[in-house]
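Going by the numbering used here, the first residue of the sequence shown is number -5, and it counts up by one from there. Note that the Cβ used here is the ideal one computed from N, Cα and C, for glycine as well.
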Amino acid sequence: MILRILFSCLLGVFAIHSCGWAEEEEQSRPLLGTIVTVKVCDPFADGRVAQVFDKVWARLEEINRRLHPYDVGSEIVRINQAAGALVDVTDDVYRLLRAAKGYVQETRGAFDIAVGPLSDLWKEAERRDVFPSTGDVRGVLPLVDTDKVDLLPTGQVRLRQAGMRIDVSGMAQGYAADEAARILRQTGFRDFLLDTGGEIYAAGLNCRQQSWRVGVSDPRAPRAMEAVLSVRDAAVSTSGDYERSFEIRGQRWSHIINPITGYPLTGVAGVTVIAPTATEADVLSTAVSVLGPRHGLRLIASKGRGYEAMILLRDANGGLERSETEGYKRYLSR
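Structure below.
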C-alpha cells in the first residue's frame, strides 16, 4: 500500500520546503528496489546536513549491497548459493538474521525469511500462467523453515538443506530506515522523515513543529486516501494487494505468500501497522496480512503500547471490511 507524506504548510501530497520554523532538506535515490526519500528539518544551517546525507546514503548503499536478494556480490546470495556449507558474514547480516529468527518465532511462522523457494515457485507459475500443482507446493514447504538456518557463535551462517533460499526483503527496507534514523540522531538531528518504499519512520516534528502526517492510500482508488495518520517518533508500514500483485489465469494474487500454506494471499486489500521501529513495522505488516484480522490484530495488541494495526479485507461484493486495534484511531489526523 502506498504511504504518502503530507505536510501542514499547504494541503496536498507534496513537500513544501522552508515551512517557516526550520529549513527542510530533501534527497531521494533509487535503492532497495524502490525510491528512498530522506527529509530533514535543519535547525543548524551550517552545512552539516550535507555531511549527514552523505553518511546516510553510504550506509543505505552498504545495506543494499549486503542484503540484495539477487546480486551476486550480496551476502544473502552467497549464503543461498552455498546451502549446506558455512559462510562468513558481516556482523550486520548476522545480527539481522538473528533478529529475523526471533520474528519468525514471535509470529509463529507468519513471517519467514526462508520463503524463497515458494517465491520462486510462484514466479515461475506466473511466467507460465499455470497454477503450480498441490504436489509442487507441498514439495517445497519443507525448505521453508528458518529453524534450518544455522547461526554459529563464530559469526558464520549455514542453510542446512540444499534448495533453501532466504530472502530478507520483508524487513530490509524497515531496517534501512532504522539505520538512517540512527545516523541522523547521532549527528544531532531530531526532526526528520524517512521513506524507504512503504516503510516510513517519522522522527520528532515536521518543519512547522507539528506531528508528521502520513496518508494511507485507498485500495479502491489509490490516488485517494483511506486515512491520514498523525505520527511522531514512530514507524508506519503498509502491505496491500493492489500495489504489488500478480495474475495467473486471470486470478489476482498478493505478492505476499503464506509461508505456512505455501499459497499467496487473496482478499487482503491492505494492512497498516504502526510500531516504534521501522523494522518491526515492516515485519508485522507482513505477519498481520498472513494471520488475518483475528489472530493478526491479537498479535499487535499483545505487543503493548506503541503498536497498532488496521486491516482491510475485500468482501464478496467488492467492498471493504475494516478491522483495527483499539488504539489505532488515536493516530488518525483530525
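Helix or strand or just coil, what does DSSP make of A281? DSSP places A281 in helix when its eight states are reduced to three.
If contacts are defined as beta-carbon pairs under 8 Å, then G110 and D161 qualify, I think. What distance do you get, rounded to the angstrom? Between D161 and G110 the Cβ distance is about 5 Å, and since that is below 8 Å, they are a contact.
Cα separation between C3 and G157? With a pLDDT of only 32 at C3, under 50, the local geometry of the prediction cannot be trusted, and no value is derived from it.
Helix or strand or just coil, what does DSSP make of S234? Checking the sequence, you will find Gly at residue 234 rather than Ser. G234: strand per DSSP, three-state reduction.
Beta-carbon proximity check, S231 vs G192, cutoff 8 Å: yes
Determine the extent of the beta strand (DSSP E) in which E302 is found, giving its start and end residues. 302 to 308
Expressed to the nearest angstrom, what Euclidean distance is found between the alpha-carbon atoms of L5 and V83? At L5 the pLDDT is 25, less than 50, meaning the model places this residue with poor confidence; the figure from the coordinates comes in the next sentence. Taking the straight line joining both Cα atoms gives about 47 Å.
Please report the distance separating the alpha-carbon of Q45 from that of I177. 11 Å
Beta carbon of A226, beta carbon of A196: below 8 Å? Reading off the sequence, residue 226 comes out as Arg, not Ala. Contact flag set, yes.
Buried or exposed, going by whether 16 or more other CB atoms sit within 10 Å of the CB of V66? exposed
Looking only at C-alpha atoms, which of G168, L90, D144, T28 sits nearest to A229? G168
Alpha carbon of T31 to alpha carbon of G129, nearest angstrom: Each residue's alpha carbon lies about 43 Å from the other.
Paired residues, beta bridge with C35 - DSSP: Beta-bridge pairing links C35 to E18.
How far does the beta strand (DSSP E) with Y195 in it reach, from first residue to last? Y195: member of the beta strand (DSSP E) spanning 193 to 197, first to last residue.
Rounded to whole angstroms, what's the CA-CA distance from L188 to D212? Just pull it up for me. 21 Å
So, for I329: in the same chain, excluding its five sequence neighbours on each side, which residues have a beta-carbon less than 6 Å away from its beta-carbon? In the structure as shown, the chain begins at -5 and stops at 328. Residue 329 is therefore absent and cannot be evaluated.
For V124, count the other beta carbons within 10 Å of its own beta carbon; 16 or more makes it buried, fewer makes it exposed. Which is it? exposed
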